[in-house]
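Those sequence lines, one after another, are chains D and B. Going letter by letter, the first sequence gives residues 1 to 113 in the numbering used here. Going letter by letter, the second sequence gives residues 1001 to 1112 in the numbering used here. Beta carbons are placed, not taken as given, at the ideal position from N, Cα and C, and that holds for glycine. Computed from a prediction, not measured in an experiment: that's the story for all the values here. In what follows, a structure is listed as structure tokens, so that the remarks can point back to it.
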Amino acid sequence: SQTIHQWPATLVQPVGSPLSLECTVEGTSNPNLYWYRQAAGRGLQLLFYSVGIGQISSEVPQNLSASRPQDRQFILSSKKLLLSDSGFYLCAWRSGTANEKLFFGSGTQLSVL
Amino acid sequence: KQEVTQIPAALSVPEGENLVLNCSFTDSAIYNLQWFRQDPGKGLTSLLLIQSSQREQTSGRLNASLDKSSGRSTLYIAASQPGDSATYLCAVEFDSGYALNFGKGTSLLVTP
């Protein structure tokens, strides 16, 4: 069966520090991968999605970036965090086949102080 | 702009009641619609997926309906239980898109 792993669960970082969040999927190949951010009162915002290795599409211009170095690995990064980067970050995957469900990781609560 | 709206934002019901959560979307050209459940501080769990060609989907006490022409979906929960307390989110994949657009969710509290 397929599983998705996301870590860390919580993270407290000072403003201006770098960020690296990692997500891996097991039990499937060539998944579509997504990074979402959930801020209080704002719902889920799509940040990045990827349909294959090295293929990244950005939805929102910001100081975050994403990379997909391997088929089932998706990394969210920042060189210098801002206060506004605080939020709950969720990785998700689904099959490239049409009309498949979206599966989420357990999320990372990021607090930038 | 393609938007997904959920009303009400919060709902409290006594245990045993049947209830309906509402979702509306601005563009009827959709690929599919999903309902998710989120517990506090956790990720989202997919409950039901309705393809654009379908009218409803059922899983246990849950029934989701889709009316594309009016831009609406409902999630019906029968015989609610305290364990159903969570936030329920509706998400739409529009024909012109490649990812899900989420509503802000309805926070449900089922009291014993």
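So is residue i in contact with chain D if we call contact Cβ pairs under 8 Å?
i: Asn1032(B); result: yes
i: Tyr1098(B); result: yes
i: Gln1051(B); result: yes
Could you please give me the residues that DSSP links to residue i through a beta bridge?
i: Tyr36(D); result: Leu46(D), Leu90(D)
i: Ser1012(B); result: Leu1109(B)
i: Ala977(B); result: One cannot answer for residue 977(B) here, as it falls past the ends of chain B, which runs 1001 to 1112.
i: Val1020(B); result: Tyr1076(B)
i: Ala1091(B); result: Gln1034(B), Phe1102(B)
i: Gly52(D); result: Gln55(D)
i: Val112(D); result: Gln13(D)
i: Gln1051(B); result: Asn1032(B)
i: Thr3(D); result: Glu26(D)
i: Leu102(D); result: In DSSP, Leu102(D) forms no bridge with anything.
Measure the beta-carbon distance from residue i to residue j and round it to whole angstroms, keeping in mind my assumption that it falls under 8 Å.
i: Ile1088(B); j: Gly1071(B); result: Contrary to the premise, residue 1088(B) reads as Tyr rather than Ile in this sequence. Between Gly1071(B) and Tyr1088(B) the Cβ distance is about 18 Å, and since that is not below 8 Å, they are no contact.
i: Ser1085(B); j: Leu1108(B); result: 6 Å
i: Pro1082(B); j: Pro1040(B); result: So it is not a contact: roughly 14 Å between Cβ atoms.
i: Val112(D); j: Gln38(D); result: Not a contact, Cβ separation roughly 15 Å.
i: His5(D); j: Gly105(D); result: 7 Å
i: Phe1036(B); j: Ser1024(B); result: Between Ser1024(B) and Phe1036(B) the Cβ distance is about 16 Å, and since that is not below 8 Å, they are no contact.
i: Leu1062(B); j: Leu1048(B); result: 6 Å
Could you tell me which chain B residues have their CB closer than 9 Å to the CB of residue i, listed as they occur along the chain?
i: Gln109(D); result: Gly1041
With H, G and I counted as helix, E and B as strand and the rest as coil, what does DSSP make of residue i?
i: Gly1083(B); result: helix
i: Ala1028(B); result: Ala is not the amino acid found at residue 1028(B); the sequence shown has Ser there. Ser1028(B) falls in the coil class under three-state DSSP.
i: Leu83(D); result: helix
i: Glu22(D); result: strand
i: Ile965(B); result: Within the shown structure, residues of chain B are numbered from 1001 to 1112, placing residue 965(B) beyond reach of any answer.
i: Gly1043(B); result: coil
i: Thr10(D); result: strand
i: Ser95(D); result: coil
i: Gln1002(B); result: coil
i: Arg72(D); result: coil
i: Ser1069(B); result: coil
State yes or no: is the beta carbon of residue i nearer than 8 Å to at least one beta carbon in chain B?
i: Ser115(D); result: The displayed coordinates of chain D run from 1 to 113. Any statement about residue 115(D) would go beyond what the structure contains.
i: Leu47(D); result: no
i: Leu64(D); result: no
i: Leu11(D); result: no
i: Leu90(D); result: yes
Using a Cβ cut-off of 7 Å, pull out every chain D residue sitting near residue i, in sequence order please.
i: Phe1102(B); result: Gly43, Leu44
i: Ser1046(B); result: Lys101, Leu102, Phe103
At a CB-CB cut-off below 7 Å, which residues of chain B make contact with residue i?
i: Tyr34(D); result: Ala1099
So which residues of chain D does residue i contact, with C-beta pairs closer than 8 Å?
i: Gly1105(B); result: Gly43
Let me check you understand the geometry: is the CB of residue i closer than 7 Å to at least one non-hydrogen atom of the ligand SAH?
i: Ser1024(B); result: In terms of ligand content, the structure shown is empty, and the ligand SAH therefore cannot be addressed.
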